[in-house]
Amino acid sequence: MKLKRTVPLALLCIALIGGGIFLWKKYFSATRVAFLNYQVIQLGEISRANTNSFVKIDDIGPDDISHIDDYDMVFVNGMGLRLTAEQHDALEVAGLCGQPILTTASTNPDNHIVSVDDTTADTLINYLSGASRANYRSMLNYVRTHIDHKIVSCGHIDPPTDRKTYLLTHPDLDNPDGEELGFGSIADYENYLRSHKLLSGNPTQIVVTGQMGSAADIALALEKRGFTPYVIGSFASFVRTPRVDSIRPVAVINMAHGRLGDHVVRYLTQRNIPLFSPLNVNRLDSDWEADKLGMSGGFMSQSIVTPEIDGAIRPQTVFAHRVNSEGLQEVYAIPQRLDDFVESVSMHVALARKPNAEKRIAIYYFKSPGQSALTASGLEVVPSLYNLLLRLQSEGYKVNNLPASADELQRLLMKQGAVLGTYAHGAFDDFLRTGNPLVVNRADYEKWVSQTLRPSAYDEVISKHGRFPGSYMAVDEDNIAVARLDFGNVVLLPQNMAGTGDNAFKIVHGTGDAPPHPFIASYLWMRHGFHADAVIHFGTHGGLEYTPQKQVALSDADWSDRMIGPLPHFYLYTIGNVGESLIAKRRSYATIISHLTPPFLGSNTRGQYQTLADYIDSYNKQQPDSKEAQRLAVSIHDLVCNLGIATELSIDTVDKSAPCSEDDILRIEQFAEELANEKMTGQLYTLGVPYEADRVRSSVVAMTVDPIAYSLLALDKQLGRAKYDTEKHQRLFTQKYLEPANKIVAQLYSEGKTPSDEFICKTAKISVDDLTSARQITNDLRPRDMMEIMSEMGRKMSSAKPDTSAAMPARPMPKADEQRPDSVALKKMKEMAAGMDPKRALQMAKMMGA
94 MKLKRTVPLA LLCIALIGGG IFLWKKYFSA TRVAFLNYQV IQLGEISRAN
144 TNSFVKIDDI GPDDISHIDD YDMVFVNGMG LRLTAEQHDA LEVAGLCGQP
194 ILTTASTNPD NHIVSVDDTT ADTLINYLSG ASRANYRSML NYVRTHIDHK
244 IVSCGHIDPP TDRKTYLLTH PDLDNPDGEE LGFGSIADYE NYLRSHKLLS
294 GNPTQIVVTG QMGSAADIAL ALEKRGFTPY VIGSFASFVR TPRVDSIRPV
344 AVINMAHGRL GDHVVRYLTQ RNIPLFSPLN VNRLDSDWEA DKLGMSGGFM
394 SQSIVTPEID GAIRPQTVFA HRVNSEGLQE VYAIPQRLDD FVESVSMHVA
444 LARKPNAEKR IAIYYFKSPG QSALTASGLE VVPSLYNLLL RLQSEGYKVN
494 NLPASADELQ RLLMKQGAVL GTYAHGAFDD FLRTGNPLVV NRADYEKWVS
544 QTLRPSAYDE VISKHGRFPG SYMAVDEDNI AVARLDFGNV VLLPQNMAGT
594 GDNAFKIVHG TGDAPPHPFI ASYLWMRHGF HADAVIHFGT HGGLEYTPQK
644 QVALSDADWS DRMIGPLPHF YLYTIGNVGE SLIAKRRSYA TIISHLTPPF
694 LGSNTRGQYQ TLADYIDSYN KQQPDSKEAQ RLAVSIHDLV CNLGIATELS
744 IDTVDKSAPC SEDDILRIEQ FAEELANEKM TGQLYTLGVP YEADRVRSSV
794 VAMTVDPIAY SLLALDKQLG RAKYDTEKHQ RLFTQKYLEP ANKIVAQLYS
844 EGKTPSDEFI CKTAKISVDD LTSARQITND LRPRDMMEIM SEMGRKMSSA
894 KPDTSAAMPA RPMPKADEQR PDSVALKKMK EMAAGMDPKR ALQMAKMMGA
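Quick note on my numbering: the sequence shown kicks off at 94 and runs consecutively.
So this is what it looks like as structure tokens:
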């Protein structure tokens, strides 16, 4: 009897527990909301807006779609969303089976999957479009109440409000965890700053703009240093308005993705305002730290390359992602990186304001070890360096005890500014006695190291080179020698080798090892001992930018980042080597100062090859199989051997009586013409010394003749006036295009005039109407400013009514010619979905792999 009573009681308990679990899950449990393909910046704002502990947010990717039924609501950002066929089918089946899904901003119509009804879709879209924490908070509560149908902890729901755009924003100082405050005018903004004692009578104004990082973090860090930040939503638009004249920024910090535009560049140039571009690496800080590249692909193009077109400097990593308490990634300012960046901005501003007589400048030059001369690509280094020192002196810089001539400076550089190899023990002893070196002691060095390097980085130095001072440039066990020439507030320093060994080329271009103590000591003394206001690397190029680690978007573990620190850095670089100058710009935060290349000259070898050219001309006029052609082919072979160019062309030198083949003669012709038309440099360029008149002329000819000749050939091809293989016969190309182009340039140069439309039409053999049409096509193809394009897109998106007509299951399918073929599983599920319980249908879909 007792057992009979116990069984029903147990069953009742089980039923009550099961019912309780059912009721808990249906009406009381947490609401899980998934966001697929959302940017971390937006999702971070949504997460910060969530004050409801019963609403859980997850960031999911396409690979998580198979578990989509774990969520009570799924938001999909269709912008750039890429799904496999299987992922698309699984998402669509989930919607057909009742899973609440809202896709917005679809760039691929096939991915526009909406399963909520029109009213719900409109409401959610309006919350998202409002893009404020209040809207996001109400949206999450709305999902819990009206979509997940929970009855407790639903939170307050306000109707969606329109997105508010403000001229300026500022962190809410009275509510640090709240949204930023918006201001419609500069007067209102400045009144707010005054009320919080943040605006002085003569503020140092810095504009902060862009959405890829946290403007609030930048603004607060600037205010701690006494600056007045103006956080402007669209600086590109602001510059076009009269209000721009009401502020006088000393710097602009742009965190935008892409360009600001040519009109902003003109504004900055006219006012001599530097443009800074701090980086958001757009991923977890740990992933970025481990990446040897730092940043790559399209994101690098938009974050680094295109801002460089605007003239942006200091592409320094400041922002990355971290995981917050909800397990979501959010953008944050890396504290040490933010401090270094703002310190750099501060030092640039101070440099512009400091009297020249008080500025302390360190100039690094490059030379190989031993008695080798100073080197820099295309530059006569010592006279150029001497001219720079003279110019600095004339501009009021404190340059004391400057030698009387460049020759005297060179003797001093070889004596006091030597670079010594690890093997040069005798030379080092002489240098200690006569070279007047700076001596850095252990205490200062280790203090500077602790201020600058990570412990792990210094451990690498010790592992490779031993403890300070090491065996290289060591005075004794507690001191190291650093070469430098002291001219008061200006010092010259040779760049020590960034590695050890006999292969100087490999050391300069990167060994992968931590640099030795002398290299580190020189830079740390320059920063912390000499207290430089700016550093100049003189000439193309040195080894700093080739020290280990990342290629771009550097971290505190990268040697070039640590050696330069926040110091303003200027690099004198030849204008003819853009590729390597970009390395210096991105790896050592250098502002590139371009100098001219050496003047160009013609090779003057045409006379040496005139007989060969005459033979080839005669050969080209013959039928290839004729006796005369064969005779000329033998003569060409003999002459090529006598001129000493046969081996270089892989022409047989044993049997000179054999005729050259037609292909050989074509290669000989091209080779001889290339030599005859080759450009060569004259004397090295000296900074501050203009080209001589004849060198100006030869350089202009060398730089302009080829483009004109090839443009005329291209035009003739398009108009059917030239064969498509004309340029293969270099001699013919020279006669028909290069020589006429040379005469054109000579005429224009001698007249000193811009060519008229009549001259252009006569030269190109086209009509005035043709020229007008060409110019119209060029104007139509002119790339517009990125901000102009984005503003236009924004206007279109904001004025368009959200499209919710595609809500499932009643949404019309795409037209037959636009529809992606369904998989077999998806077809079956569409047939089953209408009459089946949604959860059961979704389980069936997962079993079928749809």
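Even for Gly, the Cβ is constructed at its ideal location relative to N, Cα and C. Bear in mind that the values here come from a model prediction, so they are computed numbers and not experimental data.
> Residues bridged to glutamine 298 by DSSP?
Replying inline: Translated into the one-based positions of the sequence shown, residue 298 becomes position 205. DSSP, once it has assigned bridges, lists Thr321, Pro342 as partnering glutamine 298.
> Of all the options Glu755, His730, Ile311, which has the alpha carbon lying nearest to the alpha carbon of aspartate 718?
Replying inline: The residue you call residue 718 lines up with position 625 of the sequence shown. Ranking Glu755, His730, Ile311 by Cα distance to aspartate 718 puts Glu755 first.
> Looking at the unbroken beta strand (DSSP E) that takes in histidine 52, where does it start and where does it end?
Replying inline: Past the edges of the chain, shown from 94 to 943, lies residue 52, and the structure says nothing about it.
> What's the C-alpha gap between lysine 945 and proline 659?
Replying inline: The structure shown does not extend to residue 945, since the chain is modelled only from 94 to 943, so the question has no answer here.
> Where glycine 171 and valine 207 are concerned, what is the direct C-alpha to C-alpha distance, given to the nearest angstrom?
Replying inline: Numbered from 1 along the sequence shown, position 78 holds the residue referred to as residue 171. Numbered from 1 along the sequence shown, position 114 holds the residue referred to as residue 207. Here the alpha carbon of glycine 171 sits roughly 11 Å from the alpha carbon of valine 207.
> Going by Cα to Cα distance, which pick from Ile456, Asn480, Glu539 is closest to glycine 781?
Replying inline: One-based indexing of the sequence shown puts residue 781 at position 688. With distances taken between Cα atoms, glycine 781 lies closest to Asn480.
>> Rounded to the nearest angstrom, what separates alanine 722 and leucine 732 at their Cα positions?
In response: Residue numbering aside, residue 722 sits at position 629 when the sequence shown is read from its first letter. Residue numbering aside, residue 732 sits at position 639 when the sequence shown is read from its first letter. Distance between the alpha carbons of alanine 722 and leucine 732 is about 15 Å.
> Taking the C-alpha atoms as reference points, what is the distance between glutamate 785 and asparagine 582?
Replying inline: Position 692 of the sequence shown holds residue 785. Position 489 of the sequence shown holds residue 582. The alpha-carbon atoms of glutamate 785 and asparagine 582 are separated by roughly 34 Å.
>> Let's see if you can read the secondary structure: which residues bound the beta strand (DSSP E) around proline 587?
In response: Mapped onto the sequence shown, residue 587 falls at position 494. Counted as a single uninterrupted DSSP element, the beta strand (DSSP E) harbouring proline 587 occupies residues 583 to 587.
> For glutamate 382, which of Asn417, Gln642, Ile709, Glu179 has the nearest alpha-carbon?
Replying inline: The residue given as residue 382 occupies position 289 in the sequence shown. If we check each option's Cα against that of glutamate 382, Gln642 comes out closest.
> Can tyrosine 458 and phenylalanine 623 be called in contact, C-beta distance under 8 Å?
Replying inline: As a position in the sequence shown, residue 458 is number 365, starting the count at 1. As a position in the sequence shown, residue 623 is number 530, starting the count at 1. No, they are not a contact pair.
> By Cβ distance below 7 Å, which residues in the same chain neighbour phenylalanine 320 in space, the five residues on each side in sequence not counted?
Replying inline: For the purposes of this step, residue 320 is identified with residue 227 of the sequence shown, where counting begins at 1. Answer for phenylalanine 320: Thr297, Ile299, listed in chain order.
> With 16 as the cutoff for other CB atoms within 10 Å, does asparagine 143 come out buried or exposed?
Replying inline: Your numbering for residue 143 matches position 50 in the sequence shown. Buried, since its Cβ has 16 or more Cβ neighbours within 10 Å.
> Is the Cβ-Cβ distance between leucine 184 and alanine 314 less than 8 Å?
Replying inline: By 1-based counting over the sequence shown, the position of residue 184 is 91. By 1-based counting over the sequence shown, the position of residue 314 is 221. Contact: no.
> Can you name the start and end residues of the beta strand (DSSP E) that histidine 662 belongs to?
Replying inline: The count along the sequence shown starts at 1 and reaches residue 662 at position 569. Bounds of the beta strand (DSSP E) holding histidine 662 are 662 to 667.
>> Suppose you measure from the CA of lysine 385 to the CA of valine 645; what does that come to, to the nearest Å?
In response: For this step, residue 385 is matched to residue 292 along the sequence shown. For this step, residue 645 is matched to residue 552 along the sequence shown. So the alpha carbons of these two residues sit roughly 9 Å apart.
> Per DSSP, what kind of secondary structure is phenylalanine 168 in: helix, strand or coil?
Replying inline: Locating residue 168 in the sequence shown gives position 75, counting from the first residue. The answer is strand: DSSP assigns phenylalanine 168 an E or B state.
>> To test your reading of the DSSP string, which unbroken alpha helix (DSSP H) runs of 4 or more residues are found completely within the stretch 351 to 408?
In response: 355 to 364, 378 to 383, 390 to 393, 399 to 402
> Would DSSP call valine 747 helix, strand or coil?
Replying inline: Translated into positions along the sequence shown, residue 747 becomes position 654. Of the three classes helix, strand and coil, the one that applies to valine 747 here is coil, per DSSP.
> Among Tyr235, Ile853, Phe434, which one has its Cα closest to the Cα of threonine 213?
Replying inline: As a first step, residue 213 is located in the sequence shown; it is residue number 120 there, counting from the start. Measuring from the Cα of threonine 213, the nearest candidate turns out to be Tyr235.
>> Just to confirm, is the Cβ distance from glycine 404 to glycine 669 under 8 Å?
In response: Counting from 1 along the sequence shown, the entry for residue 404 is found at position 311. Counting from 1 along the sequence shown, the entry for residue 669 is found at position 576. With respect to the 8 Å criterion, glycine 404 and glycine 669 are not classified as neighbours on the basis of their beta carbons.
> With a CB to CB cut of under 6 Å and the five nearest residues on each side skipped, what residues in its chain are close to isoleucine 685?
Replying inline: Residue 685 sits at position 592 when you count from the first residue of the sequence shown. Correct list, in chain order: Tyr664, Tyr666, Ser674, Lys678.
> Are the stretch 789 to 804 and the stretch 743 to 750 touching, with three or more C-beta to C-beta distances below 8 Å?
Replying inline: no
> Roughly how many angstroms separate the alpha carbons of glutamate 273 and isoleucine 402, rounded to a whole number?
Replying inline: In the sequence shown, counting from the first residue as 1, residue 273 sits at position 180. In the sequence shown, counting from the first residue as 1, residue 402 sits at position 309. In a straight line, the C-alpha of glutamate 273 is about 31 Å away from that of isoleucine 402.
> Which value, in whole angstroms, describes the spacing of the CA atoms of tyrosine 425 and proline 252?
Replying inline: Mapped onto the sequence shown, residue 425 falls at position 332. Mapped onto the sequence shown, residue 252 falls at position 159. Cα to Cα, the separation comes out at about 30 Å.
> Roughly how many angstroms lie between the CA atoms of proline 905 and histidine 263, to the nearest whole one?
Replying inline: The residue given as residue 905 occupies position 812 in the sequence shown. The residue given as residue 263 occupies position 170 in the sequence shown. With a pLDDT of 37 at proline 905, under the threshold of 50, the modelled position of this residue cannot be trusted, and the question is left open.
> So which of Leu292, Gln486, Asn417, Ala329 has the shortest CA-CA distance to lysine 149?
Replying inline: If you number the sequence shown from 1, residue 149 lands on position 56. Put simply, of Leu292, Gln486, Asn417, Ala329 the residue whose alpha carbon is nearest the alpha carbon of lysine 149 is Asn417.
>> Tell me the DSSP secondary structure of leucine 812 in three-state form.
In response: Translated into the one-based positions of the sequence shown, residue 812 becomes position 719. The three-state reading of DSSP puts leucine 812 in coil, since its state is none of H, G, I, E or B.
> If you check the beta carbons only, do glycine 528 and lysine 508 fall under 8 Å apart?
Replying inline: The residue you call residue 528 lines up with position 435 of the sequence shown. The residue you call residue 508 lines up with position 415 of the sequence shown. A contact, by the Cβ cut-off of 8 Å.
> In whole angstroms, what separates the C-alpha of tyrosine 842 from that of lysine 829?
Replying inline: Position 749 of the sequence shown, counting from 1, holds the residue named residue 842. Position 736 of the sequence shown, counting from 1, holds the residue named residue 829. Approximately 21 Å, taken between the alpha carbons.
>> Taking its Cβ as the centre, do 16 or more other Cβ atoms sit within 10 Å of glutamate 762, making it buried, or is it exposed?
In response: For the purposes of this step, residue 762 is taken as the residue at position 669 of the sequence shown. Glutamate 762 should be labelled buried.
>> Can you list, in chain order, the residues of its chain with a C-beta nearer than 7 Å to that of valine 794? Leave out the 5 residues immediately preceding and following it.
In response: In the sequence shown, the residue the question calls residue 794 occupies position 701. Within the same chain, valine 794 has close Cβ partners Asn835, Val838.
> At what residues does the alpha helix (DSSP H) containing asparagine 228 begin and finish?
Replying inline: On the sequence shown, position 135 is the one that residue 228 refers to. Start and end: 226 to 235.
> Under the rule that 16 or more other beta-carbon atoms within 10 Å means buried, what is methionine 619, buried or exposed?
Replying inline: Position 526 of the sequence shown, counting from 1, holds the residue named residue 619. Counting Cβ neighbours within 10 Å, methionine 619 comes out buried, since at least 16 surround it.
> So, is aspartate 956 buried or exposed, given that buried needs 16 or more other C-beta atoms within 10 angstroms?
Replying inline: The first residue shown for the chain is 94 and the last is 943, placing residue 956 beyond what the model contains.
> CB-CB under 8 Å to alanine 443, same chain, minus the five flanking residues each way: which ones, in chain order?
Replying inline: Locating residue 443 in the sequence shown gives position 350, counting from the first residue. Same-chain partners within the cutoff: Asp626.
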